[in-house]
Amino acid sequence: MLRALAKTPEGKASFPEYQRVLTSASAIIVPGLVLAEVDYFLKDDRKVMRKLIAEIFDPATRYEYALPLPLDLTRALELDARFRNSVLDSLTEQ
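So the mapping is simple: our numbering equals the position in the sequence shown, first residue as 1, plus 3.
Structure representation (structure tokens):
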């Protein structure tokens, strides 16, 4: 999703093939946990995040928000435990 939304400084699609898939889909399901990740990556560009949220919850768009299910949260905890000593953890602690 992030690649589909990414733009170059000139405003062109950074990953045109991802953008094509996103814009041609009949429905775009956005899981709540994915939205949290997108929010993290857009932490320095709140205007873009607000626009995305507005689009996701606009009934006229093809976005469909999917709440996380208990199974999703269980899987997230499993992944967290599995990768607790990953390189990303050491980068965020600096």
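Note that the Cβ used here is the ideal one computed from N, Cα and C, for glycine as well.
Alpha-carbon spacing of Leu45 relative to Val51, whole angstroms: As a first step, residue 45 must be located in the sequence shown, where it is residue number 42. As a first step, residue 51 must be located in the sequence shown, where it is residue number 48. Going by the C-alpha atoms only, they are around 7 Å apart.
- request: Whole angstroms is fine: what's the gap from Ala79's alpha carbon to Glu67's?
  value: Within the sequence shown, numbered from 1, the residue matching residue 79 stands at position 76. Within the sequence shown, numbered from 1, the residue matching residue 67 stands at position 64. The straight-line gap from Cα to Cα measures roughly 21 Å.
query: Does the stretch 20 to 30 come close enough to the stretch 52 to 64 that 3 or more CB-CB pairs lie under 8 Å?
result: no
field: Beta bridge counterpart(s) of Pro34 as assigned by DSSP
entry: On the sequence shown, position 31 is the one that residue 34 refers to. According to DSSP, which records beta bridges pairwise, Pro34 is partnered with Ala69.
task: Tell me whether the beta-carbon of Ile31 lies closer than 8 Å to the beta-carbon of Leu38.
output: On the sequence shown, residue 31 is found 28 positions in, with the first residue counted as 1. On the sequence shown, residue 38 is found 35 positions in, with the first residue counted as 1. No, these two residues do not count as a Cβ contact at 8 Å.
query: So Pro12 is in the alpha helix (DSSP H); what residue range does that whole segment cover?
result: By one-based count along the sequence shown, residue 12 stands at place 9. Careful: Pro12 lies outside any alpha helix (DSSP H) and carries neither H nor E.
message: Helix, strand or coil, according to DSSP, for Asp75 in the structure here?
response: Along the sequence shown, one-based indexing puts residue 75 at 72. Asp75: helix per DSSP, three-state reduction.
query: Below 8 Å between beta carbons: does that hold for Pro34 and Pro62?
result: Translated into the one-based positions of the sequence shown, residue 34 becomes position 31. Translated into the one-based positions of the sequence shown, residue 62 becomes position 59. Not a contact, by the Cβ cut-off of 8 Å.
query: Would DSSP call Asp61 helix, strand or coil?
result: Walking along the sequence shown from the start, residue 61 turns up at place 58. DSSP places Asp61 in the coil class of the three-state scheme, outside both helix and strand.
DSSP three-state assignment for Asp101, whether helix, strand or coil: Past the edges of the chain, shown from 4 to 97, lies residue 101, and the structure says nothing about it.
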